[in-house]
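Q: Pasting a structure below so you can have a look.
Residue numbers (the numbering used here), protein chains in the order written: chain B, 5 to 115; chain D, 5 to 117.
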């Protein structure tokens, strides 16, 4: 069974610092890996999707890398802002339709 | 933009009631999903559907059923609500292709009293 781990569980940084969020998974047979953002009491917003054949994806200040062989992905958020405060979840999709989620990293960016 | 709409943001029901949670998507997606999210347990898949009238059990289907009569609508049914079903319920949809993400609704915060 696929297990997804996110470390750290929580992170607090001053505004302007770069954020590095880690995700690891146990089974490298995946179709894709997705990063989501969740604000308190809300649903999930898709940030980036990396297909298994890709090494990274970028969107604005966000960059996600994937090393499938070692079962790791990293989400980088450059020049963090208070509006980046949220919980970030990663999820991997194995061969069927379902996603396996990590528990998330809760980020606080201090002004 | 993909829009996944859940019928209620907050819902309060009593134990033993039959509860319906509705979800509608506007992108003609084949796949639809129901999750629940609880502190310390993360997101857990209840049911998913890959086509009209087709459904498969997820990780925690007990106490729930689903209905998908039309492609755009996926309903979650709590046959006889219990207090341990108090949770945040999230609906999602996606196309079947590996390069397409799952899109989520805003969630329904359900309280069973």
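Note that CB positions come from ideal geometry on N, CA and C, so glycine has one too.
Measuring CB to CB, does residue 38(B) end up less than 9 Å from residue 97(B)?
A: Result yes, Cβ atoms of residue 38(B) and residue 97(B) sit closer than 9 Å.
Q: Taking only the alpha-carbon atoms, compute the straight-line gap between residue 53(D) and residue 83(D) and give it to the nearest angstrom.
A: Each residue's alpha carbon lies about 19 Å from the other.
Q: Along the segment 36 to 56 of chain B, where does the CB come closer than 8 Å to a CB of chain D? Name the residues.
A: Going along the segment 36 to 56 of chain B in chain order, one finds 36, 38, 40, 45, 46, 47, 48, 49, 50, 53, 55, 56 with a Cβ nearer than 8 Å to chain D.
Q: Quick one: does residue 105(B) have its CB under 9 Å from some CB of chain D?
A: Chain D, which has a Cβ nearer than 9 Å to the Cβ of residue 105(B), makes this yes.
Q: Are the beta-carbon atoms belonging to residue 94(D) and residue 41(D) less than 9 Å from one another?
A: A contact, by the Cβ cut-off of 9 Å.
Q: From which residue to which residue does the beta strand (DSSP E) around residue 14(B) run?
A: Looking at the DSSP string, the run of the beta strand (DSSP E) that includes residue 14(B) is 14 to 18.
Q: Can you tell me whether DSSP reads residue 89(D) as helix, strand or coil?
A: In this structure, residue 89(D) counts as helix in the three-state DSSP scheme.
Q: Taking beta-carbon pairs under 9 Å, can you tell me which members of the segment 38 to 51 of chain D lie near chain B?
A: Taking 9 Å as the Cβ-Cβ cut-off against chain B, the residues of the segment 38 to 51 of chain D that qualify are 39, 41, 44, 45, 46, 47, 48, 49.
Q: Can a CB atom of chain D be found closer than 9 Å to the CB of residue 72(B)?
A: Chain D contact via Cβ: absent.
Q: Whole angstroms is fine: what's the gap from residue 68(D)'s alpha carbon to residue 86(D)'s?
A: Each residue's alpha carbon lies about 11 Å from the other.
Q: Any idea what DSSP makes of residue 42(D), helix, strand or coil?
A: Note: residue 42(D) maps to strand in three-state DSSP.
Q: Quick check on residue 15(B) - is its C-beta less than 9 Å from some C-beta in chain D?
A: Chain D contact via Cβ: absent.
Q: With distances taken from CA atoms, which of 94(B), 5(B), 6(B) is nearest residue 13(B)?
A: Closest option to residue 13(B), Cα to Cα, is 94(B).
Q: Taking Cβ positions, are residue 8(B) and residue 29(B) nearer each other than 9 Å?
A: Contact: yes.
Q: Counting only Cβ pairs nearer than 7 Å, list the residues of chain B close to residue 105(D).
A: Neighbours of residue 105(D) on chain B, chain order: 38, 50, 53.
Q: So, for residue 99(B): in the same chain, excluding its five sequence neighbours on each side, which residues have a beta-carbon less than 7 Å away from its beta-carbon?
A: For residue 99(B), where only same-chain residues beyond five positions count, the Cβ hits under 7 Å are 33, 35.
Q: Which residues of chain D have a Cβ atom closer than 8 Å to the Cβ of residue 80(B), listed in chain order?
A: Within chain D, no residue comes near residue 80(B); the closest Cβ sits about 19 Å away, beyond 8 Å.
Q: Please confirm if residue 100(D) has its CB atom under 9 Å from at least one CB of chain B.
A: At least one chain B Cβ lies under 9 Å of residue 100(D).
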